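Chemist:
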Amino acid sequence: MIPNAIDVDRPLPAAGAIGHALEENAVASVGADARLTRLHRVFYPVFRVEYCYSGSSAILWSDRTDRGVTLLDGLWADNHAVLQQYRSATDSLGTVSLDYYDFGRDEPGLGRTVLLDFQVPAQRARQLLPERFDDVAESRAFGDPKSITASFADRLRETFGLPDALDLESFEGVVDVTRLYLPFWVCEVYRPDERDLIGVVRNLEDARTDDATHGWLSAFFREDKSRLARYAHTSIREAIDRSESADRVDREVDTDGSAVETDDERSSDDRQPDGATAREDGDNDRDADGNGDEDEAEADDRRTDRDGPVQPEDAELDAETLVDPSPNRCFADVGGMVELERTLRRSVIGPVQRPDEFREYGLDPVSGVLLHGPPGCGKTHVAGALAGELDYAFLEVTPADLSSKYMGKPAENVQDVFAIAEANAPCVLFLDEIDAIASAREDQSSTSERGMVNQLLTELEDVGDDVLVLAATNLLDDVDDAIVRTGRFDEQIEVPPPDEPARREILRIHLEERPLADGLELDPVVDRTAGYAASDLEYIATDAARRALRADERIGTDHLLAAAEEVDSSVPDWAGSALGDGKTITQPDGVELSARSLVTPSVDRDFDDVGGMDALKDRLHETVIDPFENADRYAEYGLGTTGGILLYGPPGCGKTHVAGALAGELDVAFLEVSPADLSSKWMGKPAQNVADLFEIARQNAPCLVFLDEIDAIAGARGGHGSGGASQRQMVNQLLTELESLESADEDVVVVAATNRPGDVDDAVLRSGRFDERIEVSPPDAAARKAILQVHLADRPVAEGCDWDTVVERTSGYAASDLALLADNAARRAMHDGDQVRERHLADAIAETTPSLERGGESTGAAVTADRTGSWYR
Numbered sequence: 001m002i003p004n005a006i007d008v009d010r011p012l013p014a015a016g017a018i019g020h021a022l023e024e025n026a027v028a029s030v031g032a033d034a035r036l037t038r039l040h041r042v043f044y045p046v047f048r049v050e051y052c053y054s055g056s057s058a059i060l061w062s063d064r065t066d067r068g069v070t071l072l073d074g075l076w077a078d079n080h081a082v083l084q085q086y087r088s089a090t091d092s093l094g095t096v097s098l099d100y101y102d103f104g105r106d107e108p109g110l111g112r113t114v115l116l117d118f119q120v121p122a123q124r125a126r127q128l129l130p131e132r133f134d135d136v137a138e139s140r141a142f143g144d145p146k147s148i149t150a151s152f153a154d155r156l157r158e159t160f161g162l163p164d165a166l167d168l169e170s171f172e173g174v175v176d177v178t179r180l181y182l183p184f185w186v187c188e189v190y191r192p193d194e195r196d197l198i199g200v201v202r203n204l205e206d207a208r209t210d211d212a213t214h215g216w217l218s219a220f221f222r223e224d225k226s227r228l229a230r231y232a233h234t235s236i237r238e239a240i241d242r243s244e245s246a247d248r249v250d251r252e253v254d255t256d257g258s259a260v261e262t263d264d265e266r267s268s269d270d271r272q273p274d275g276a277t278a279r280e281d282g283d284n285d286r287d288a289d290g291n292g293d294e295d296e297a298e299a300d301d302r303r304t305d306r307d308g309p310v311q312p313e314d315a316e317l318d319a320e321t322l323v324d325p326s327p328n329r330c331f332a333d334v335g336g337m338v339e340l341e342r343t344l345r346r347s348v349i350g351p352v353q354r355p356d357e358f359r360e361y362g363l364d365p366v367s368g369v370l371l372h373g374p375p376g377c378g379k380t381h382v383a384g385a386l387a388g389e390l391d392y393a394f395l396e397v398t399p400a401d402l403s404s405k406y407m408g409k410p411a412e413n414v415q416d417v418f419a420i421a422e423a424n425a426p427c428v429l430f431l432d433e434i435d436a437i438a439s440a441r442e443d444q445s446s447t448s449e450r451g452m453v454n455q456l457l458t459e460l461e462d463v464g465d466d467v468l469v470l471a472a473t474n475l476l477d478d479v480d481d482a483i484v485r486t487g488r489f490d491e492q493i494e495v496p497p498p499d500e501p502a503r504r505e506i507l508r509i510h511l512e513e514r515p516l517a518d519g520l521e522l523d524p525v526v527d528r529t530a531g532y533a534a535s536d537l538e539y540i541a542t543d544a545a546r547r548a549l550r551a552d553e554r555i556g557t558d559h560l561l562a563a564a565e566e567v568d569s570s571v572p573d574w575a576g577s578a579l580g581d582g583k584t585i586t587q588p589d590g591v592e593l594s595a596r597s598l599v600t601p602s603v604d605r606d607f608d609d610v611g612g613m614d615a616l617k618d619r620l621h622e623t624v625i626d627p628f629e630n631a632d633r634y635a636e637y638g639l640g641t642t643g644g645i646l647l648y649g650p651p652g653c654g655k656t657h658v659a660g661a662l663a664g665e666l667d668v669a670f671l672e673v674s675p676a677d678l679s680s681k682w683m684g685k686p687a688q689n690v691a692d693l694f695e696i697a698r699q700n701a702p703c704l705v706f707l708d709e710i711d712a713i714a715g716a717r718g719g720h721g722s723g724g725a726s727q728r729q730m731v732n733q734l735l736t737e738l739e740s741l742e743s744a745d746e747d748v749v750v751v752a753a754t755n756r757p758g759d760v761d762d763a764v765l766r767s768g769r770f771d772e773r774i775e776v777s778p779p780d781a782a783a784r785k786a787i788l789q790v791h792l793a794d795r796p797v798a799e800g801c802d803w804d805t806v807v808e809r810t811s812g813y814a815a816s817d818l819a820l821l822a823d824n825a826a827r828r829a830m831h832d833g834d835q836v837r838e839r840h841l842a843d844a845i846a847e848t849t850p851s852l853e854r855g856g857e858s859t860g861a862a863v864t865a866d867r868t869g870s871w872y873r
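Numbering (the UniProt record's numbering), first residue to last: 1 to 873.
(1) First and last residue of the alpha helix (DSSP H) that includes A635?
(2) When we look at the beta-carbon of R67 and count the other beta-carbons within 10 Å, is it buried (16 or more) or exposed?
(3) List, from N- to C-terminal side, the alpha helix (DSSP H) runs of 4 residues or more that fit wholly inside the segment 781-866.
(4) R179 by DSSP, collapsed to three states: which one?
(5) I'd like to confirm the pairing. Which residues does DSSP put opposite E491 in its beta bridges?
(6) If you follow the beta strand (DSSP E) that D66 is in, where does it begin and where does it stop?
(7) With burial defined as no fewer than 16 other Cβ atoms inside 10 Å of the residue's Cβ, what is the status of D224: buried or exposed?
(8) Which class does D7 belong to by DSSP, given the choice of helix, strand or coil?
(9) Just checking my contact of L738 with G644 at CB under 8 Å: how many whole Å lie between their CB atoms?
(10) According to DSSP, is T113 helix, strand or coil?
(11) Cα separation between A564 and V525?
(12) Decide if L402 is buried, meaning its Cβ has at least 16 other Cβ atoms within 10 Å, or exposed.
(13) Buried or exposed for H657, going by 16 or more other Cβ atoms inside 10 Å?
(14) To which residues does DSSP link residue 913 through a beta bridge?
(15) Under 7 Å Cβ to Cβ from V82, same chain only, skipping five residues before and after it: list those, please.
(16) Suppose you measure from the CA of residue 875 to the CA of G519; what does that come to, to the nearest Å?
(17) Start and end of the beta strand (DSSP E) containing Y539?
(18) Output the boundary residues of the beta strand (DSSP E) element that contains residue 905.
(19) Pairing CB atoms from the segment 424-436 with CB atoms from the segment 378-387, are three or more of them under 8 Å?
(20) Taking the alpha carbon of G664 as the point to measure from, which residue in V624, W682, P651 has its own alpha carbon closest?
(21) Note down, in chain order, each residue of its chain lying with its Cβ closer than 6 Å to the Cβ of A472, except the 5 sequence neighbours on either side.
(22) Excluding the 5 residues preceding and the 5 following Y813 in the sequence, name in chain order all residues of the same chain whose CB lies nearer than 6 Å to its CB.
(23) Can the beta-carbon of F670 be found closer than 9 Å to that of F628?
(24) Inspect the CB distances between the segment 606-620 and the segment 684-695 and report whether three or more fall short of 8 Å.
(25) Hey, A423 and A207 are a contact pair by Cβ (cut 8 Å); roughly how many whole angstroms apart?
(26) Who are the Cβ neighbours of Q455 in its own chain at under 7 Å, not counting the five residues just before and after it?
(27) Could you tell me which residues DSSP puts in a beta bridge with P45?
(28) With a Cβ-Cβ cutoff of 9 Å, do D711 and P757 count as a contact?
(29) Nearest by alpha-carbon distance to T557: which of D817, A545, D568, R550 is it?
(30) Ignoring anything shorter than 4 residues or poking outside the UniProt domain "AAA+ ATPase" (365-499), list the alpha helix (DSSP H) runs there in chain order.
(31) How far does the alpha helix (DSSP H) with I349 in it extend, from its first residue to its last?
(32) Considering Cα atoms alone, identify which of Y532, I483, L475 is closest to P498.
(33) Determine the burial state of K405: buried for a count of at least 16 other Cβ atoms within 10 Å of its Cβ, exposed for fewer.
(34) Since V469 contacts G373 with CB under 8 Å, what's their CB separation in whole angstroms?
(35) Taking just the CA atoms, how far does Q729 sit from A315?
(36) Leaving out the 5 sequence neighbours to the left and right, which residues in its chain are closer than 8 Å to G376 when beta-carbon positions are compared?
This is the structure:
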């Protein structure tokens, strides 16, 4: 609710006098056709921070301490520096009653008076100045302290209006933080031929002249006219949200009326001057039970009349380590996520702050909220911000806090957690990773684990109204069904990876108060980081700051882009989150294998990146690429696409590389699987993994599935015992999946690789499963030359290199050996400060051991027959 009274640094003149002076000035300054269309009394929130520092004294042994004052922007919109002009007036404050002001509570809209809402708690304001001094101190760890530290210190002094006598060593800390408001009259003047003029005044002299003293606030609102409504007090915004249509809001906020206010309105508004403290005794602020604000006051007492967490007598868990009595963050610290904030304000904060209003319509306050979404996207941060918005204690619990090796102890820990929450009420209880705390009971082998879930269900049923339970998971399907049913977690809200506006806001928040280059552009960084988690963006901002600090520069776009290039998204393609190329990865329902860890949506190589192997590439183009790209023409002749391809040959000759390049040529997703991805000690699990694998492939089609070391996945069936039976089940499942692909119209190509074709089950290799069996031989002379040139393409190579001599000396080298040889040669050239020359390649050959036996231009059979058997079936 809007407070009954606030502290201000000065009173404002009456609206009538200000309106008259503004109209006269408008006519004189912008023409006779100009007219005043809007006039709002705006209370701007400010933190008055008093700090102390060791003062100067002629007496060397004096311990004199001086005090100073700075003003911090309560909107946290980086207006700290321009607010310093109002410091002197805040030494003495007056109290203003708000009972008689029109805040638009009766009619949805802003009303004539707008109380802007503090966007961060006082604890955050208390920490800002010490944090900035810590940043200056840390800057001494890098570069020249005289240039870098002095630059940071000057910026700090300029931003917060610090005295010259205050330096890094003399700052001692913050003494006091006071919340107050600076009142302004904000007006809009209509001009027929130009953009409307937004002006800001505090007295009649401002209104009669064109003084630009408060021009910063004019520019602030002119830059984004929605700010007046966006930063308005929560109850004002909720009144606007409850309006029947957006048009009605527009009429209240933006209408071009012919007059600011009528005489009757002025007289009623001016009856109560600023500075009065009288309050109405009506029923407007009373609860339905007639007790007024007694319940709310009691809750406030419980919040403020304690020095720290309350420890229940019977609870063994330590409240001190679990409870934050006053979380120092709010929604202003959550970058972007506008829709999420709106949902939480409507579904959670509203019922908590106005329970009687909701009960009047038969609606109970929300009992619990389940946040789900990818890791690193801010679920924990949002939960803490929600507690800060409500001014509740914050109790965060992880699976490690509840687990125990002793039978029954996890259930007791759950009981203790809820006892601590009740003792510290009003409280937000946050259960992180609830999928690990309350996984589906049918999947649990431990009686103790099932007991913990049962106890959690009991506690959720009995939790009090002043304890709000939040939970978070990135594995929603793993949570026990009874936990997520209605009555325990009424609201299930997704916290997705940040969209474009959210990424921009997150970067802005983490770059706040850091030295930024002029003309810094965030748009290229925002575009580059599509699909990134909030935690990734925080790291990028920090890494960019480090790069700029090492270069003794302000943070620029190039620093941010360089940092982004070094960081991959920690949540690639979560549930269809957009990547830069627009491709997504789909995780099928009920599938345990992770599509995100197996599927590459877009491969960054094609056949141009495969050195040599011209015959192999031609064969693949004929048997796979052309039928895939011209399916209709092949169907006309009764020909379908190739069901599967088996690549066989000695290790290190490029089978995996060729398979990935084939996916790049087809421009399809690449699903690479090794035996380790499918194996399991549990009976029947490998077969289930194979089924999951192909379901992922179908859901992400068009797709190329690459089965590496298929001899280990589908070895010849035989043997006895559980291991043998599980292996046979996996092979049977693979046969079933391959046949289903053959009979269905699926855009899935299967490629397998082995260097032991004789060990692969005969049924897997028959026609209809792997129609094409292609040998990947050790590279011949032409292929070796092409491979070396591919790996040296982006390196400085001297002209006139005798490639024939180099290639002749690499007979018997596998493709992987040639890649290593190119690296070794480049490393030697770098040490010499020279281009890569023939001598560097020769030295690298001398120290590189070939994987394959030497001996002519082998096709593969002669080279490795002793180790792998025949390559042909």
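C-beta atoms are modelled at their ideal positions from N, C-alpha and C, and glycine is treated no differently. Source: prediction; values computed, not measured.
Modeler: Checking against the coordinates, here is how it stands:
(1) For this step, residue 635 is matched to residue 635 along the sequence shown. Residues 631-636.
(2) Start at 1 with the first residue of the sequence shown, and residue 67 comes out as number 67. With fewer than 16 Cβ atoms within 10 Å of its Cβ, R67 is classed as exposed.
(3) 781-791, 803-808, 815-832, 838-847
(4) Mapped onto the sequence shown, residue 179 falls at position 179. Strand at R179.
(5) The residue given as residue 491 occupies position 491 in the sequence shown. V369, per the DSSP bridge assignment.
(6) On the sequence shown, residue 66 is found 66 positions in, with the first residue counted as 1. 65-73 is the span of the beta strand (DSSP E), which, as asked, contains D66.
(7) For the purposes of this step, residue 224 is identified with residue 224 of the sequence shown, where counting begins at 1. The residue in question, D224, is exposed, as its Cβ has fewer than 16 Cβ neighbours within 10 Å.
(8) For the purposes of this step, residue 7 is identified with residue 7 of the sequence shown, where counting begins at 1. Strand at D7.
(9) Working through the sequence shown from its first residue, we reach residue 738 at position 738. Working through the sequence shown from its first residue, we reach residue 644 at position 644. L738 to G644, Cβ: 6 Å. Contact.
(10) As a first step, residue 113 is located in the sequence shown; it is residue number 113 there, counting from the start. Here T113 sits in strand by DSSP.
(11) As a first step, residue 564 must be located in the sequence shown, where it is residue number 564. As a first step, residue 525 must be located in the sequence shown, where it is residue number 525. Going from the Cα of A564 to the Cα of V525 covers about 7 Å.
(12) The residue labelled residue 402 in the question sits at position 402 within the sequence shown. Buried, by the Cβ-count rule.
(13) Counting from 1 along the sequence shown, the entry for residue 657 is found at position 657. So H657 ends up on the buried side.
(14) Past the edges of the chain, shown from 1 to 873, lies residue 913, and the structure says nothing about it.
(15) Counting from 1 along the sequence shown, the entry for residue 82 is found at position 82. Taken in chain order, the residues that qualify are W216.
(16) Lying before the first or after the last residue shown, residue 875 is absent from the chain, which here runs from 1 to 873.
(17) Looking up residue 539 in the sequence shown gives position 539. Not the beta strand (DSSP E): Y539 falls in the alpha helix (DSSP H), residues 534-550.
(18) Nothing about residue 905 can be reported from this structure: the residues present for the chain run from 1 to 873 only.
(19) yes
(20) As a working note, residue 664 is residue 664 in the sequence shown. It is V624.
(21) Residue mapping note: residue 472 aligns to position 472 of the sequence shown, counting from 1. Take A472, set aside five residues on each side of it, and the residues of its chain with a beta-carbon closer than 6 Å to its own are L371, K379, D432, in chain order.
(22) Taking the first residue of the sequence shown as 1, we reach residue 813 at position 813. Taken in chain order, the residues that qualify are P850.
(23) For the purposes of this step, residue 670 is taken as residue 670 along the sequence shown, with counting starting at 1. For the purposes of this step, residue 628 is taken as residue 628 along the sequence shown, with counting starting at 1. Cβ distance not < 9 Å, so F670 and F628 don't count as in contact.
(24) The segment 606-620 is not in contact with the segment 684-695.
(25) Residue numbering aside, residue 423 sits at position 423 when the sequence shown is read from its first letter. Residue numbering aside, residue 207 sits at position 207 when the sequence shown is read from its first letter. At roughly 55 Å, the Cβ-Cβ gap does not stay under 8 Å, so A423 and A207 are not in contact.
(26) For the purposes of this step, residue 455 is identified with residue 455 of the sequence shown, where counting begins at 1. Answer for Q455: A411, V414, Q415, listed in chain order.
(27) By 1-based counting over the sequence shown, the position of residue 45 is 45. Per DSSP, Y181.
(28) Working through the sequence shown from its first residue, we reach residue 711 at position 711. Working through the sequence shown from its first residue, we reach residue 757 at position 757. Cβ distance < 9 Å, so D711 and P757 count as in contact.
(29) In the sequence shown, counting from the first residue as 1, residue 557 sits at position 557. Of the candidates D817, A545, D568, R550, the one whose C-alpha sits nearest the C-alpha of T557 is A545.
(30) 379-390, 399-402, 409-423, 434-437, 447-462, 481-484
(31) Here residue 349 is taken as the residue at index 349 of the sequence shown, counted from 1. Here I349 belongs to no alpha helix (DSSP H), and DSSP marks it neither H nor E.
(32) Walking along the sequence shown from the start, residue 498 turns up at place 498. Ranking the options by Cα distance to P498, first place goes to Y532.
(33) Residue numbering aside, residue 405 sits at position 405 when the sequence shown is read from its first letter. Exposed, since its Cβ has fewer than 16 Cβ neighbours within 10 Å.
(34) As a first step, residue 469 is located in the sequence shown; it is residue number 469 there, counting from the start. As a first step, residue 373 is located in the sequence shown; it is residue number 373 there, counting from the start. Contact doesn't hold; Cβ gap of about 18 Å is too wide.
(35) Translated into positions along the sequence shown, residue 315 becomes position 315. Translated into positions along the sequence shown, residue 729 becomes position 729. Taking the straight line from one Cα to the other gives about 50 Å.
(36) Position 376 of the sequence shown, counting from 1, holds the residue named residue 376. Contacts found: A533, A534, S535, D536, S570, V571.
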